[in-house]
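In the working numbering, the protein residues as written are 1334 to 1647.
Here it is in structure tokens:
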């Protein structure tokens, strides 16, 4: 499999689904030891208005038995057990494989620690359908702990640092200079969309494939965004569609540090030319050494080790 272009399962190569009068979307919720969050998430997507939600619950080999309990709690929801923890990328790819066998034009992947407003999916679909070259769309994402504050309101590909940035992060929703009440909803083009909640056009996935599984987690959404845009597709976010996300602590874990640093280097190798690789290297290596020194001075040996491992990882 090429690093830049994942091979396509047979399901991806099937033709477009038949037309339907009611918008239909396959929703993939990935669980890993998160029964309480996943329950609230699934319930919010089953309660969506004016759309046909075909929901798949994927359990990423949870060790706490939550997968089977969730399966029993939602007997009418499709269920898939991966058998091992495949990370965000692999777990969602198994769901995408399943979705590609269904009669749907759209696939929505969503973090399990989210709750969607009842019209979130309807508004996303309405906005996305207005642009035939739109591959992916995301809603306004607010902080579950503080719903008046933004977590994601559009995003950008920061090429120098090889990361996706969140526009207006931590700003008050009321301070973002867009209308949140448009119906029909308005789509705002951007260059990065978070995988926290990502509506994907099945046609685009048939062309470029899903997430890069060697990323495991962190940065796989950016890599897919880069690949989609390289193939002539557009991305956009929809202010009228809203979802709340229980945001993680500001301090990254050692595992997160390692995966983020490793994956941005993989992104650079796959998609950058010589000049941008040099620019990235001139930024990356000095900043890693600075972070390493800071962690060592604080006595944080675990995060220092993660920095070192991220610098060595291929």
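For each residue, glycine too, the CB sits at the ideal point set by N, CA and C.
Predicted model only: the values in this text are computed from it and were never measured.
Where residue i falls: helix, strand or coil (DSSP)
i: residue 1431; result: helix
i: residue 1453; result: helix
i: residue 1412; result: strand
i: residue 1530; result: strand
i: residue 1554; result: helix
i: residue 1387; result: strand
i: residue 1371; result: helix
i: residue 1448; result: strand
i: residue 1438; result: coil
i: residue 1376; result: helix
i: residue 1566; result: coil
i: residue 1622; result: helix
i: residue 1611; result: helix
i: residue 1506; result: helix
i: residue 1544; result: coil
i: residue 1520; result: coil
Nearest-angstrom Cβ-Cβ length linking residue i and residue j, presumed shorter than 8 Å
i: residue 1476; j: residue 1620; result: Not really, about 27 Å apart at Cβ, beyond 8 Å.
i: residue 1449; j: residue 1516; result: So it is not a contact: roughly 17 Å between Cβ atoms.
i: residue 1571; j: residue 1520; result: 6 Å
i: residue 1444; j: residue 1523; result: Not a contact, Cβ separation roughly 19 Å.
i: residue 1568; j: residue 1541; result: Contact doesn't hold; Cβ gap of about 13 Å is too wide.
i: residue 1368; j: residue 1402; result: 6 Å
i: residue 1366; j: residue 1391; result: Their Cβ separation, rounded to whole angstroms, is 13 Å, which puts residue 1366 and residue 1391 out of contact at 8 Å.
Between the CA atoms of residue j and residue i - distance to the nearest angstrom
i: residue 1547; j: residue 1430; result: 17 Å
i: residue 1504; j: residue 1640; result: 30 Å
i: residue 1456; j: residue 1468; result: 16 Å
i: residue 1535; j: residue 1361; result: 13 Å
i: residue 1386; j: residue 1622; result: 48 Å
i: residue 1478; j: residue 1494; result: 29 Å
i: residue 1576; j: residue 1502; result: 14 Å
i: residue 1649; j: residue 1591; result: The question about residue 1649 has no answer, for the chain in this structure spans 1334 to 1647.
i: residue 1337; j: residue 1410; result: Interpretation of residue 1337 is limited by its pLDDT of 41, a score under 50 that renders its predicted location unreliable; no figure is taken from the coordinates.
i: residue 1607; j: residue 1614; result: 11 Å
i: residue 1499; j: residue 1528; result: 12 Å
i: residue 1512; j: residue 1627; result: 42 Å
i: residue 1605; j: residue 1543; result: 20 Å
i: residue 1597; j: residue 1496; result: 7 Å
i: residue 1602; j: residue 1609; result: 10 Å
i: residue 1408; j: residue 1400; result: 12 Å
i: residue 1372; j: residue 1545; result: 27 Å
i: residue 1424; j: residue 1397; result: 17 Å
i: residue 1632; j: residue 1618; result: 21 Å
i: residue 1509; j: residue 1578; result: 18 Å
Cut-off 7 Å between Cβ atoms - residues of its own chain near residue i, not counting five sequence neighbours on either side
i: residue 1550; result: 1420, 1421, 1422 and 1592
i: residue 1437; result: 1350, 1357, 1358, 1359, 1387 and 1535
i: residue 1637; result: 1625, 1628 and 1629
i: residue 1595; result: 1643 and 1646
i: residue 1406; result: 1372
i: residue 1447; result: 1374, 1529, 1530, 1576, 1577 and 1578
Contact set for residue i: own chain, Cβ-Cβ below 6 Å, skip 5 residues either direction
i: residue 1473; result: 1486, 1572 and 1575
i: residue 1432; result: 1359 and 1440
i: residue 1533; result: 1440 and 1469
Sequence-distant residues of the same chain with beta carbon closer than 8 Å to residue i, five excluded per side
i: residue 1381; result: 1449, 1451, 1452, 1453, 1454 and 1455
i: residue 1355; result: 1383, 1384 and 1385
(message) Under 8 Å, with one C-beta from each stretch per pair, do the stretch 1482–1501 and the stretch 1413–1423 reach the 3-pair mark?
(response) no
(message) So, does the stretch 1544–1561 touch the stretch 1457–1464, judging by three or more C-beta pairs under 8 Å?
(response) Result no; under three Cβ-Cβ pairs closer than 8 Å.
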